[in-house]
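Below is one structure, written out as structure tokens, with a few remarks after it.
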Amino acid sequence: MTDLTDKELEIRRIDPRLYNDDLAPIKKRDRNWGWFEIFNVWSNDIQSLFGYTLAASLFISYGLNGWAVMAAIILAGVVVMGLVNLTGKPSVKYGVPFPVMIRASMGVHGANLPAMLRAVIGIFWYGVQTYFASTAMKLLLTSLFGDPGGQFLGMSALGWLSFVIVWAFQMAMFWAGIERIKHFLNWAGPLVYVVMVALMIVVWVKAGDELLPAVGSIFEGQSDYHGSAIGAFLAITGTMIAYFAAVVINFGDFTRFVKSEREMKLGNLVGLPLNVAFFSFIALIITAGTLVLFGETLTNPSDIIERVDSLPLTIVAALTFFAATVGINLVANFIPPAYDLANLFPSKVSFRLGGLITAIIAFFVGALWVSLISDIGVAGFVNALGAVVAPFYGIIVVDYYVVKRQRLDLQDMFSSAPDGAYHYVKGWNKRAIAAFALAALFSIASVWVPALEALGGYAWLLGAGLGGLLYFLLMRGQRLPAAQPA
1 MTDLTDKELE IRRIDPRLYN DDLAPIKKRD RNWGWFEIFN VWSNDIQSLF
51 GYTLAASLFI SYGLNGWAVM AAIILAGVVV MGLVNLTGKP SVKYGVPFPV
101 MIRASMGVHG ANLPAMLRAV IGIFWYGVQT YFASTAMKLL LTSLFGDPGG
151 QFLGMSALGW LSFVIVWAFQ MAMFWAGIER IKHFLNWAGP LVYVVMVALM
201 IVVWVKAGDE LLPAVGSIFE GQSDYHGSAI GAFLAITGTM IAYFAAVVIN
251 FGDFTRFVKS EREMKLGNLV GLPLNVAFFS FIALIITAGT LVLFGETLTN
301 PSDIIERVDS LPLTIVAALT FFAATVGINL VANFIPPAYD LANLFPSKVS
351 FRLGGLITAI IAFFVGALWV SLISDIGVAG FVNALGAVVA PFYGIIVVDY
401 YVVKRQRLDL QDMFSSAPDG AYHYVKGWNK RAIAAFALAA LFSIASVWVP
451 ALEALGGYAW LLGAGLGGLL YFLLMRGQRL PAAQPA
């Protein structure tokens, strides 16, 4: 891959329908992310309250040997590393975010479709994760001041205060800019590990020396799963891959800040397989330890800390769980829709304004989560949308590596001229739309059709693969405009 010079990264003709300063390519001289920043993107993703709860629940859901579950989770980390190396590479080269990169395959206006779908998903889960982060803040405030009680829309007065504090803190972090978010992630990720290791040691010491030899069999009988061991192993791997899916598609939103492809790959290596291995070992020991200590499996770290009953640990843990959950919320659910909304109306919506719109809508999603939204099945609708965007991953990868052979015309990615390389038909690539629509039908069916329920966590991978295959077949023989050299 030949690096482009800063002069080549300048857009010569500004089209206000496709360009603003936030979507423009980032010059090489302005990129200052290294492997550690990429590592911390993944650290905060994995180490959030929901990330730990998911990992812990996988140990008890399939009745497998604890070490086998850990191996399946690590395998998912290896697969995701391969996936994001593919989607991250073009943004390292061209310095543009996901909604601009996908213009090459969907068309300069067709790219608004995936951007809009990704924005809806991000805004919804941003609101939900804001609520979950507020539970960590509430744990902290309760440990210090007690809870006066009272309920409104399913939350106590202290719960509402915690929710507003978290919402305002996240908004302030975003408003301070991407550099401030980078610094926040850089200390939040490692600090959570310190707390998790401390909690693991406390549980391990209290459970005794017999804990480690028992982890191979301690989860037997804890599950109603009746399938094969191989099926369980693959289902765990697929579920963990699906957990990372949102960041996998728009990973270019972060790699555009990275100094080199080597730094990106090193950050992905340390942040995914190695990080996941260490984290899953911690989750394994703590989950098994709670079974030994309390006679039941506790998957929520907040519940475990309350049982351990140590005020200093409670205070520190509540702060770090809050920090990690805010970290993943900014990474996976805030920055992407801010870019996506800016891409819809570049001349009217900046990255900051897109973030403000995201935060305002998400406030009501999170505020109504307990009392309304969690009870009416909206999450199922959003999960279906999440599965629907899977084909875009296959389309992006096949287009860049197979159809375009890693050569794009950066100028035409910001041009709506009829003779532009990515204008296709009125700005839409109809073949890409057809590939997406056919693959999306399968993705929707995998979520809503009971007969396909057995696919479980494989749905995202299958949807992505099908989208890529259909796009390749439909684009065969399509005459492509000449692109600038690699």
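Read in order, the letters of the sequence shown correspond to residues 1 to 486 in the UniProt record's numbering.
Built from N, CA and C at the ideal position, the CB exists for glycine as well.
Quick caveat, the model's predicted, so the values are computed rather than measured.
- Under DSSP, the beta-bridge partners assigned to W33 are V258.
- Counting only the Cα atoms, Q129 lies some 8 Å from V326.
- In the DSSP assignment, F414 falls outside any alpha helix (DSSP H), carrying neither H nor E.
- Spatial neighbours of E263 in its own chain (CB-CB distance under 6 Å, excluding positions within 5 residues in sequence) are listed in chain order as G34 and W35.
- F233 places its beta carbon 9 Å or farther from that of I60.
- For a cut-off of 8 Å, the C-beta gap from V389 to I102 is around 11 Å, too long to register as a contact.
- Of the other Cβ atoms in all chains shown, fewer than 16 fall within 10 Å of the Cβ of R405; this residue is therefore exposed.
- Annotation note: the region 314–374 contains the following uninterrupted alpha helix (DSSP H) runs of length 4 or greater, listed N- to C-terminal: 335–344 and 351–367.
- Note on geometry: alpha-carbon atoms of W125 and P450 lie some 25 Å from one another.
- A check of alpha carbon separations from W42 across N343, A317, V80 and Y339 identifies V80 as the nearest.
- If you ignore the 5 residues before and after L153, its C-beta comes within less than 6 Å of the C-beta of S371, all in its own chain and listed in chain order.
- Excluding sequence positions up to five before and after F98, its CB lies within less than 6 Å of the CB of N250, G252 and D253, all in the same chain and listed in chain order.
- Apart from sequence neighbours up to five positions away, the residues of its chain that approach F281 with a beta-carbon distance below 8 Å are M70, ordered along the chain.
- Comparing alpha carbon positions, the residue from L474, V100, G177 and G386 closest to M413 is V100.
- Contact between Y393 and T87 holds, with the beta-carbon distance rounding to 7 Å and staying under 8 Å.
- Burial state of A72 is buried, judged by a 10 Å Cβ sphere holding 16 or more other Cβ atoms.
- According to the DSSP assignment, R407 belongs to no alpha helix (DSSP H), since it is labelled neither H nor E.
- Across the set G231, G95, Q478 and T299, the C-alpha of Q478 shows the shortest separation from the C-alpha of Y422.
- The count of Cβ pairs closer than 8 Å, one atom from the region 309–324 and one from the region 138–157, reaches three, so the stretches are in contact.
- Pairing S217 with L64, the inter-Cα distance amounts to about 8 Å.
- The DSSP-derived three-state label of F132 is helix.
- Straight-line measurement puts the Cα of V164 at about 17 Å from the Cα of P148.
- With distances taken between CA atoms, G189 lies nearest to I38 out of T287, I373, L54 and I38.
- In the DSSP assignment, V79 falls within the alpha helix (DSSP H) that extends over G66 to Y94.
- At the C-beta level, R256 and P114 stay beyond 9 Å of one another.
- V205 and G51 have their C-alpha atoms spaced approximately 24 Å apart.
- The C-alpha of G463 lies about 27 Å from the C-alpha of N275.
- Under the DSSP assignment, S228 falls outside any alpha helix (DSSP H); it carries neither an H nor an E label.
- Sixteen is the threshold: when 16 or more other Cβ atoms of the shown chains lie within 10 Å of the Cβ of G354, as they do, the residue is buried.
- As computed with DSSP, M264 is found in no beta bridge at all.
- For W187, the enclosing alpha helix (DSSP H) has its first and last residue at I178 to A207.
- I74 and I11 have their C-alpha atoms spaced approximately 42 Å apart.
- Taking a C-beta distance under 9 Å as the contact criterion, V108 and S415 qualify as a contact pair.
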